[in-house]
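Comments concern the structure below.
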Amino acid sequence: MNDEGYVIEKLGENYIVQGGVIVKAKPVINEAHFQDIQNKILVALDGAKVSIRVIMAWFTNDTLFDKLLEKHNQGVDVEISIYDDGVNKKHGVDITKLPHKRIKRGQRGGLMHDKFCVIDNQVVVTGSYNWTNNAEFRNDENITIEHDQAQATRFSVEYRRLTK
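Numbering (this note's numbering), first residue to last: -4 to 159.
In structure tokens form, the structure reads like this:
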């Protein structure tokens, strides 16, 4: 792995990555998007080389799902976790085509309302935008795309916590 590995610990200005490879810290870049969100997510997903983790309250957008399936077929390790409710069961994408988990409720007993994606443990896509057709075509939504290893590591840990 070059610089798309999984960070284990920070060492000064560098990170120690699985397999003992040292990855120099990259500059942090944060992007905020309020329009053309689906296309921004597609571009981010296109950059995945190792892994994609998606946790989404509601997921009905076939275009985004097809991109995940494409990346999976290219050898990227893709996993989806969604809220286990009637909306996803009736209108959701067929997540059975990919490794997946259905989450019955949030850790505190309410909704699992998270909406984020971690790409190669390097990039986080998060915001109000569920990966749904309504989010794309009807709602006012936002996402941030954060190119930040430390932030991606925090979101990866949260993903594991929510899906255990």
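Glycine included, every Cβ here is placed at the ideal spot set by N, Cα and C. Computed from a predicted structure; not experimentally measured.
For Val113, there is no enclosing alpha helix (DSSP H); the residue is found in the beta strand (DSSP E) stretching over 110 to 114. Membership of Asn137 in any alpha helix (DSSP H) is not indicated, and neither H nor E is assigned to it by DSSP. Here DSSP, grouped into helix, strand and coil, assigns Arg103 to coil. Going by beta carbons, Lys44 and Asp115 fall inside the 7 Å limit.
By the neighbour-count definition (other C-beta atoms within 10 Å, threshold 16), Lys159 is an exposed residue. A residue is called buried once 16 or more other Cβ atoms fall within 10 Å of its Cβ, and Val152, having fewer, is exposed. Separation of the CB atoms of Thr121 and Thr139 is rounded to 6 Å, and the pair is thereby assigned contact status at 8 Å. By the Cβ rule, the region 62 to 80 counts as touching the region 92 to 108, because three or more pairs are nearer than 8 Å. DSSP links Arg156 through a beta bridge to no other residue.
Within the model, the alpha-carbon separation for Val119 versus Gln146 is close to 7 Å. If you look at Lys66, you'll find it in the alpha helix (DSSP H) that goes 57 to 68.
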